[in-house]
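Chemist: I am attaching a structure below and will ask some questions about it afterwards.
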Amino acid sequence: MEIRHITSEDLDAVLDNRRRAFGPLSGGGAETWRKLVSPMLPEGRYLGAFDGPRLVGTARINPYVQWWHGRPLSMGGVAGVTVAPEDRGRGVGRALTHAAIERCAELGHAVSALYPATTPVYRSAGYEHAGVLQRITVPAEALRTLGGPGGAAGGVKLRRMGPADAAELVALIGRVHAAARASGPLCFDERTWRLWLEDDDDFCYLAEDGFVVYRWSDGDIEVDNLLAGSEATARALWSMVGSASTVAKSVKAFVDPADPMLWMLRERSKDEVSQTRWMFRLIDLPAAVEGRGFPAGVRVETPLEVTDSPRPGNAGAWLLRVDGGAGSVTRREAARGESADGDATRLTIGGMSALFGGVPTATLRRAGLLSGGSADADDALDAAFGCAAYMIDYF
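Under the numbering used here, the first residue of the sequence shown carries the number 59, and numbering increases by one thereafter.
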């Protein structure tokens with residue numbers, strides 16, 4: 059089996075594999091898929107596993123920016139992982155996953171994330187569960203009233219948004235996530251946003267510090283993205299979505315589990331929620347820690363020992379330092395031929411990735427992903443990395 063970059067000549071075979079793995083695409087869906095993936099081919103972002111001339115599996119690496127405590131990191135979103143039905147069980151998926159990790163490193167991605175169809179194959183490659191994609195269902199009428207008596211926009215200027223607004227939208231998303239010190243959400247690149255903003259079935263509106271993308275779905279409203287940097291804009295966008303309440307009875311929306319809208323609702327006694335889990339992996343440990351944001355009031359200096367068989371450059375003895383909102387890991391040297399890490403917190407790369415994503419040390423210890431160290435070190439690590447990681451985009 060050979061793993062190489064997909065070319066345009068392979069796309070029909072890729073699409074056939076995709077259809078067999080995930081089900082058929084409509085004619086329009088297939089055309090959109092080609093527009094999405096074609097620019098990635100010359101960048102080497104689509105990998106194929108071949109048995110002779112026959113394509114047996116694929117994996118795609120999407121170019122994303124992901125925010126961690128308000129700071130952006132280059133993230134490789136692994137998607138489109140398929141294996142032909144007749145070739146399952148041969149280790150094709152595992153080989154493609156390891157190849158995708160190495161390609162993420164070559165492309166300069168400090169971290170990677172994915173939505174798993176199955177956990178074991180990705181966990182064995184160093185990915186671990188980190189955050190959620192949460193969809194909540196709320197009554198449309200409850201949202202309509204958020205705008206108050208001044209109308210849906212409540213004095214906030216909203217305008218329709220299209221492909222020409224992609225650059226402005228990307229900049230806005232960065233400002234809002236940075237100000238909110240968000241952890242986990244991602245942003246597509248401009249060319250991908252231009253493609254999504256071309257969809258005639260979506261209704262897209264832009265404000266100075268927020269935006270919304272929504273559509274009709276089976277008589278109700280489905281919100282793909284809604285982001286607001288202020289109370290006024292949040293009320294304007296949500297109430298506009300809810301203004302369809304004379305027809306739509308409910309709104310399904312992908313949201314931050316701590317979205318301010320949930321605290322603006324007049325009545326909220328229980329949430330109708332569904333969650334999809336995503337997995338996360340550190341590709342370049344030093345670059346990821348250096349690029350991540352941390353709480354400004356936290357100061358940490360503690361030894362770590364990390365194991366990472368697929369990427370040995372991440373493995374070994376490290377000293378973690380966090381101070382003034384910034385972090386770093388530097389190599390620790392053994393003294394006189396003996397281990398320098400008797401006092402270190404020991405983590406698998408999956409454990410380190412989950413810690414980076416805000417999973418508590420107590421959880422990691424009881425899951426067998428963290429050992430050694432001390433209670434004080436655990437408290438320090440939780441203070442530094444603690445967050446409720448989430449996404450509002452599926453890929």
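We treat Cβ as the ideally placed atom computed from N, Cα and C, and that holds for glycine.
1. Would Leu-285 and Ile-231 qualify as a contact pair, given that the criterion is a beta-carbon distance under 9 Å?
2. Going along the chain, which residues of its own chain have a beta-carbon closer than 8 Å to the beta-carbon of Leu-94, five neighbours each way excluded?
3. Can you tell me which residues form a DSSP beta bridge with Ile-194?
4. So, are the CB atoms of Ala-168 and Ala-137 less than 9 Å apart?
5. Here's the rule I'm using: 16 or more other beta-carbon atoms within 10 Å means buried, otherwise exposed. How should Pro-100 be labelled?
6. Below 6 Å CB to CB, which residues in the same chain sit around Arg-217 once its five sequence neighbours on both sides are set aside?
7. Counting along the chain, where does the alpha helix (DSSP H) carrying Pro-178 start and finish?
8. Cys-262 and Leu-255 - do their beta-carbons sit closer together than 9 Å?
9. Let me know the secondary structure DSSP gives Leu-439 once reduced to three states.
10. Over what stretch of residues does the alpha helix (DSSP H) that includes Asp-267 continue unbroken?
11. Please classify Gly-205: does DSSP put it in a helix, a strand, or coil?
12. Following the continuous beta strand (DSSP E) through Ser-241, name the residue where it begins and the one where it ends.
13. Can at least three beta-carbon pairs, one atom from the segment 366 to 373 and one from the segment 186 to 201, be found at a separation below 8 Å?
14. Just how far apart, CA to CA, sit Arg-103 and Leu-227?
15. Tell me, to the nearest whole angstrom, how far the beta carbon of Val-214 is from that of Ala-290; I am working on the premise that it is less than 8 Å.
16. Report all residues from its chain with a CB closer than 6 Å to the CB of Phe-108; omit the five preceding and five following residues, and keep chain order.
17. Quick check: what's the CA-CA separation for Asp-317 versus Phe-352?
18. Using only CA atoms, which one of Thr-155, Gly-166, Ala-163, Glu-160 lies nearest to Leu-172?
Modeler: By the coordinates alone:
1. Along the sequence shown, one-based indexing puts residue 285 at 227. Along the sequence shown, one-based indexing puts residue 231 at 173. Going by beta carbons, Leu-285 and Ile-231 fall inside the 9 Å limit.
2. As a position in the sequence shown, residue 94 is number 36, starting the count at 1. If you ignore the 5 residues before and after Leu-94, its C-beta comes within less than 8 Å of the C-beta of Thr-250, Leu-253, all in its own chain and listed in chain order.
3. In the sequence shown, residue 194 corresponds to position 136, counting from 1. Partner(s): Ala-311, Val-331.
4. In the sequence shown, residue 168 corresponds to position 110, counting from 1. In the sequence shown, residue 137 corresponds to position 79, counting from 1. For Ala-168 and Ala-137, no; Cβs fall outside 9 Å.
5. Taking the first residue of the sequence shown as position 1, residue 100 is located at position 42. In summary, Pro-100 is exposed, with fewer than 16 beta-carbon neighbours lying within 10 Å of its beta-carbon over all protein chains present.
6. Locating residue 217 in the sequence shown gives position 159, counting from the first residue. So the qualifying residues of the chain are Leu-264.
7. Stepping through the sequence shown from its first residue, residue 178 is reached at position 120. 177 to 181 is the span of the alpha helix (DSSP H), which, as asked, contains Pro-178.
8. Along the sequence shown, read from residue 1 onward, the residue named residue 255 stands at position 197. Along the sequence shown, read from residue 1 onward, the residue named residue 262 stands at position 204. Yes. Within cutoff.
9. Locating residue 439 in the sequence shown gives position 381, counting from the first residue. Note: Leu-439 maps to helix in three-state DSSP.
10. As a working mapping, residue 267 is identified with position 209 in the sequence shown. Asp-267 -> no alpha helix (DSSP H), and no H or E assigned at all.
11. As a working mapping, residue 205 is identified with position 147 in the sequence shown. Three-state result, Gly-205: helix.
12. As a working mapping, residue 241 is identified with position 183 in the sequence shown. Here Ser-241 belongs to no beta strand (DSSP E), and DSSP marks it neither H nor E.
13. No, the segment 366 to 373 does not touch the segment 186 to 201.
14. Sequence index remark: in the sequence shown, residue 103 carries index 45 (1-based). Sequence index remark: in the sequence shown, residue 227 carries index 169 (1-based). Distance between the alpha carbons of Arg-103 and Leu-227 is about 24 Å.
15. Residue mapping note: residue 214 aligns to position 156 of the sequence shown, counting from 1. Residue mapping note: residue 290 aligns to position 232 of the sequence shown, counting from 1. About 5 Å separates the two Cβ atoms, so the contact holds.
16. To locate residue 108, count along the sequence shown from 1; it is residue 50. Apart from sequence neighbours up to five positions away, the residues of its chain that approach Phe-108 with a beta-carbon distance below 6 Å are Glu-60, ordered along the chain.
17. In the sequence shown, residue 317 corresponds to position 259, counting from 1. In the sequence shown, residue 352 corresponds to position 294, counting from 1. The straight-line gap from Cα to Cα measures roughly 21 Å.
18. As a first step, residue 172 is located in the sequence shown; it is residue number 114 there, counting from the start. Closest option to Leu-172, Cα to Cα, is Thr-155.
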